[in-house]
Amino acid sequence: MKQYIELSPLDVALAAGLVFAAGLVSALFRLGLSKRLAVGALRTALQLGIAGAALELVFGMKHVILVLLLAAGMIFLAGREAIRRQAVRLSGVPGDTLLAMAVSSFVVAVIVTGVVVGAKPWWAPQFFIPLLGMILGNSLNGISLALDRFLTSCATRRREIEARLALGATAAEASRPFLRDAVRTGMTPIINAMAIVGLVSLPGMMTGQLLAGADPRDAVLYQIVVMYMLVAAVAIGSVLAVLLARRRVFTRDMALRQDLKAPREL
Numbered sequence: 019m020k021q022y023i024e025l026s027p028l029d030v031a032l033a034a035g036l037v038f039a040a041g042l043v044s045a046l047f048r049l050g051l052s053k054r055l056a057v058g059a060l061r062t063a064l065q066l067g068i069a070g071a072a073l074e075l076v077f078g079m080k081h082v083i084l085v086l087l088l089a090a091g092m093i094f095l096a097g098r099e100a101i102r103r104q105a106v107r108l109s110g111v112p113g114d115t116l117l118a119m120a121v122s123s124f125v126v127a128v129i130v131t132g133v134v135v136g137a138k139p140w141w142a143p144q145f146f147i148p149l150l151g152m153i154l155g156n157s158l159n160g161i162s163l164a165l166d167r168f169l170t171s172c173a174t175r176r177r178e179i180e181a182r183l184a185l186g187a188t189a190a191e192a193s194r195p196f197l198r199d200a201v202r203t204g205m206t207p208i209i210n211a212m213a214i215v216g217l218v219s220l221p222g223m224m225t226g227q228l229l230a231g232a233d234p235r236d237a238v239l240y241q242i243v244v245m246y247m248l249v250a251a252v253a254i255g256s257v258l259a260v261l262l263a264r265r266r267v268f269t270r271d272m273a274l275r276q277d278l279k280a281p282r283e284l
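Add 18 to the 1-based position in the sequence shown for the numbering used here, that's all there is to it.
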């Protein structure tokens with residue numbers, strides 16, 4: 019017997035009325051967001067519909083190759099979005115960003131699914147794909163924020179870095195304050211989320227389980243695991259992305275690259 023309430027297309031259409039209300043607010047105050055809201059709503063329905071069809075296929079066949087292909091596609095799309103958010107563009111950084119995203123998200127997802135949750139096999143799609151999706155969503159924000167902060171700092175404070183290099187500092191020493199600041203920036207959103215979870219907000223996974231009829235205790239335990247895995251993924255991804263970017267910022271003779279320019283100079 020199902021413990022959750024199934025939604026019909028009519029129910030979803032009624033929910034779309036909430037987006038329409040937001041559009042009315044935009045029109046009333048002349049915010050210019052009506053078109054973007056409409057496009058966003060359509061994209062949400064279309065993208066989630068495609069995702070649902072893909073998940074239904076993967077869940078039904080339960081083949082490791084299909085699971086890994088879907089995971090690779092998700093990682094690629096997340097990495098591309100993180101790259102697009104950078105104000106300072108530098109050759110070599112996009113590939114490094116994708117690598118950092120892939121390593122941090124995949125490793126953490128495998129550990130959580132196979133060791134913490136104990137799914138058999140570790141790539142069981144009903145566990146691995148949703149957990150990987152949550153990791154990628156948060157890693158995307160953390161990595162993009164950390165990278166943007168690091169590259170922008172190196173570009174705008176070029177003279178400070180070059181002065182340190184002239185005084186005998188290595189590339190790692192000259193950029194260390196900016197690296198620390200960048201990683202701190204990338205981790206701030208997830209740390210803030212941990213501070214209010216359960217008090218101000220009920221996260222998506224916990225809410226979804228409760229709506230599906232799960233025991234509140236089980237939902238809480240799963241959400242704790244999710245929060246911990248997100249912290250690890252964001253930390254590993256941000257550090258790895260910034261370390262790889264630092265290799266691109268400096269030349270082999272420990273000088274800043276000439277094509278590293280501040281956003282206003284681009």
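Where is the CB? At the ideal position from N, CA and C, for every residue including glycine. No experiment lies behind these values; they were computed from the predicted model shown.
Distance CB(residue i)-CB(residue j) smaller than 7 angstroms
i, j, result
"V201", "S256", "yes"
"L248", "I208", "yes"
"A100", "T115", "yes"
"M92", "L154", "yes"
"V135", "F146", "no"
"A89", "L158", "no"
"V252", "M212", "no"
"S44", "L36", "no"
"A118", "A259", "yes"
"V85", "P143", "yes"
"T131", "R167", "no"
"A237", "L229", "no"
Endpoints, the alpha helix (DSSP H) within which residue i is located
i, result
"G216", "Taken as a continuous stretch (DSSP letters only), G216 belongs to no alpha helix (DSSP H), as it is neither H nor E."
"G226", "G222 to L229"
"G58", "S52 to M79"
"R285", "As shown, the chain starts at 19 and ends at 284. That puts residue 285 outside it, with no answer to give."
"A253", "P234 to V267"
"L116", "V111 to I129"
Cβ distance (whole Å) where residue i is taken to contact residue j below 8 angstroms
i, j, result
"A192", "L183", "5 angstroms"
"M245", "V215", "6 angstroms"
"A56", "G67", "Actually they are not in contact, since the Cβ atoms of A56 and G67 sit about 17 angstroms apart, beyond 8 angstroms."
"A59", "A39", "Incorrect: roughly 12 angstroms between the Cβ atoms, too far for contact."
DSSP-derived helix/strand/coil call for residue i
i, result
"F47", "coil"
"L278", "coil"
"D166", "helix"
"W26", "Sequence inspection shows Ser at residue 26; the Trp mentioned does not correspond to that position. S26 falls in the coil class under three-state DSSP."
"Q104", "coil"
"M272", "coil"
"T188", "coil"
"A137", "coil"
"A142", "coil"
Is it the case that the segment 123 to 133 contacts the segment 150 to 166, given that we only count it when at least three CB pairs across the two stretches are under 8 angstroms? yes
Between the segment 186 to 202 and the segment 252 to 270, can you find at least three pairs of beta-carbon atoms closer than 8 angstroms? yes
Is there contact here, the segment 266 to 278 with the segment 165 to 176, by at least three beta-carbon pairs under 8 angstroms? The segment 266 to 278, when compared against the segment 165 to 176, does touch it at the 8 angstroms Cβ threshold.
Can you confirm whether the segment 106 to 113 touches the segment 77 to 92 when touching is taken to mean that 3 or more C-beta pairs between the two stretches lie within less than 8 angstroms? no
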